[in-house]
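So in my numbering, spot 355 of the sequence shown is number 369, and the numbers just go up one at a time. For reference, the structure discussed in these notes is given below.
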Amino acid sequence: MPSIRPLPETLISQIAAGEVVERPASVLKELLENSLDAGATDVGVALNEGGIKQIRVVDNGSGIGQEDLVLAFARHATSKIASLADLEQVRSLGFRGEALASIASIARVSLLSRAEGAARAYSIGAEGGKTGTVQPAAHPTGTAVEVSDLYYNTPARRKFLRSDATEFAHCEDVFTRAALSRPDVAFTLRHNGKVVARHAPSDPARRVEAALGEEFARSMRMIQADGGTLRISGFAGSPAYTRASRDAQIVFVNGRFVRDKVLAHALREAYRDVLHGERHPAYVLFIEIDPRGIDVNVHPAKIEIRFRESRAVHQFVLHAVAKGLSGTAAETPAALASPVALASHATQPRFVQTALGLAQPSASYTAMFAPARATRPDDAPVSGAQGLPPLGYALAQLHGIYVLAQNEQGLVLVDMHAAHERILYEKLKTAIDSRAMNTQKLLIPATFIADRLDMATAEEHGSTLKLLGFDVAPISHAALAVRAMPAMLAAADAAELARAVLKDIREYGASRVLTERQNELLATLSCHGAVRAHRALTVPEMNALLREMEETERSGQCNHGRPTWYQMSLPDLDKLFLRGR
Ligand code: ADP
Ligand code: MG
């Protein structure tokens, strides 16, 4: 066995970097934190190729003095805390003194800074964990950090990076959160030379509108509660405003964006009675708490915290938000209508949904339910049990929910939605497994507004979508169009289906969607595609449904394990009526 040896310094840094620098977005997060900690009032971000090629953050903060520049890249060197007591009441976003060191071990970094009151600026570079020398340079007060060629020296990690579009989408999320956390600070975001977002200094309501869109701003309720050492303020989307994903659920604790189970649970509870289905609420909340009441040093990425009195925090947040939601819509500050706020919408154009209905004429139900073979002509007499198919022939539809049919044994009761769902499920499964999905081109593509991650997911996973029978393409930078969908689902809302598929892909990844998650996804699709209750079916449609049920494996159970049909034999009925035979 080899003896124990200390690892080389560079390798130690690279291993540690793995915890802090997962992708370009994590670099951006650290750089933005540093700019805000330096008291910047104006922060510019420029990304190239999703941030993989380059991330540049320029701020007008307090800058770094000449003698400190060398230490900026030193591991565990920080200007923000000096003792455990400091850590316990830390107010800055950074405090571990390892972000720049980590970043410098896996990318080429240059720092250019002029400290407040200093006569000139200085620069320093670092590459492969080696720090260069401090050089005089020209720059106004503040700091510019440039991070290039992420993971150029660790190809194994580089492989985990996704497409530029996906990495950019994550960077944009980080940028938006920073902008939301500090409405008083100006932020600009450029990608490949183009300005993607620009936020002038403003107030929280206006910043929220600029970052999350007008629709959210119109629906949001103001949240405000003061518990002395614990305060909450911000905006919660009304229950009527929901999203397909959780990415507009944003909570800052003392200015730090956090993901916290206690808070997430309190918020779920607050919305529980007012929100239904698979949609997610949206909110931007600012919690201020005495720093001694939390532990921020839980994870290297500083995205987790621990509350000392989590129960009290839970109740406080739950009640504040529930109360806010029960009230009327937030008073819209007059400022919301100002040209500044409207101009900031450049990144979120409104897109009018085009006539979805036209793509799905109701006649398609008939097509779906009426294969030429195996249906009994309407006028054929039902009498004569000989040669009746197993599930018999339809007699009528009951309350738009059940199909009544007569077979040899007696009466068959069919839950038409559940039965159809089961048929679609099996058909979809067979089609996917045999790579033979029949698709239908939509005469008029169904369009919908999509966020950047959906846009990126659609572009990146075209082949998975195709396998599932969908053709989804961008038609602007914030809208997608469904151009084709599985033919057997043609009666469903195409946009709704496409959203469900994209949501699964982005949450679980394309490969899992086609393997371990496949059954769940197919269940969702078939539920959307199945005939809804209260749809009147004609007798031929009902018979076609019965024939399909007979042909479908396991048609006795719907995907949720509920039965799809029930047999009442003549003897059963006789017993019901105490009728001796
Ligand atoms: P931390 O933020 O935890 O202190 P970092 O590695 O992120 O550690 O940064 C190291 C030090 O470099 C900071 O403590 C700060 O003094 C200095 N620094 C980094 N970025 C900036 C900036 N944009 N403006 C001013 N100082 C900065
Ligand atoms: Mg930092």
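A virtual CB, placed ideally from N, CA and C, is assigned to each residue, including glycine.
T92 and E102 have their C-alpha atoms spaced approximately 15 Å apart. Non-local beta-carbon contacts of T243 in its own chain, meaning distances under 6 Å to residues more than five positions away in sequence, involve D304 in chain order. Sorting A512, K443 and K455 by C-alpha distance to the C-alpha of N533 places K443 at the top.
In this structure, G108 has its beta carbon less than 7 Å from a heavy atom of the ligand MG.
Counting every other CB atom within 10 Å of its CB across the protein chains shown gives Q238 a total below 16, marking it as exposed. Contact check for L405 and L418: beta-carbon distance about 11 Å, past the 8 Å limit, so the pair fails to qualify. The beta carbon of E564 lies closer than 8 Å to those of P403, P404 and L405 in the same chain, with the five residues before and after it left out. Taking non-hydrogen atoms of the ligand MG into account, the C-beta of N48 is found less than 7 Å away from one of them. Here F266 carries a strand assignment [DSSP, helix/strand/coil]. Each residue's CA atom was taken as its position, placing F249 and A450 some 47 Å apart.
For M499, the enclosing beta strand (DSSP E) starts and ends at A493 to P500.
A heavy atom of the ligand MG is found nearer than 7 Å to the CB of E44. Less than 8 Å divides the Cβ of G64 from the Cβ of F182. Distance from the CA of A472 to the CA of P554, rounded to the nearest whole angstrom, comes to 39 Å. In this structure, the ligand MG has no non-hydrogen atom nearer than 7 Å to the beta-carbon of A460.
Under the DSSP assignment, I117 falls in the alpha helix (DSSP H) whose first and last residues are A113 to I120. Put simply, the stretch 200-216 does not touch the stretch 254-271. Fewer than three CB pairs are less than 8 Å apart. In the DSSP assignment, H205 falls outside any alpha helix (DSSP H) and within the unbroken beta strand (DSSP E) covering A200 to H205. E44 and H328 have their C-alpha atoms spaced approximately 28 Å apart. Each residue's CA atom was taken as its position, placing D163 and S49 some 21 Å apart. About 19 Å separates the beta carbon of A31 from that of I138, a gap too long to meet the 8 Å contact definition.
In this structure, DSSP gives Q28 a helical state, which the three-state scheme calls helix. Taking C-beta separations shorter than 7 Å and ignoring five residues to either side along the sequence, the partners of V35 in its chain run V41, S116, I117 and I120, following chain order. Cβ neighbours of S324 within its own chain (closer than 6 Å, five residues either side excluded): V276. About 7 Å separates the CB atoms of E23 and G143; that is less than 8 Å, so the two are in contact. Taking the Cβ of E112 as the reference point, at least one heavy atom of the ligand ADP falls within a distance shorter than 7 Å. The DSSP assignment places complete beta strand (DSSP E) segments of no fewer than 3 residues inside the stretch 295-324 at 297-303, in order along the chain.
Fully contained in the stretch 145-199 are the following beta strand (DSSP E) runs of length 3 or more, in chain order: 149-151 and 156-162.
Rounded to the nearest whole angstrom, the C-alpha separation of K94 and I66 is 29 Å. Here the alpha carbons of M502 and F484 stand approximately 12 Å from one another.
Excluding sequence positions up to five before and after A470, its CB lies within less than 6 Å of the CB of A179, T180 and A183, all in the same chain and listed in chain order. DSSP, reduced to helix, strand and coil, places P585 within a helical segment of the structure shown. Segment contact: the stretch 514-521 against the stretch 474-494, three or more CB-CB distances shorter than 8 Å; contact assigned. Beyond the five residues adjoining it in sequence on each side, I437 comes within less than 7 Å, by CB distance, of E562, M563, T566 and S569 in the same chain, given in chain order.
DSSP places S233 within a helical segment (H, G or I) once states are collapsed to three. Here DSSP, grouped into helix, strand and coil, assigns S124 to strand.
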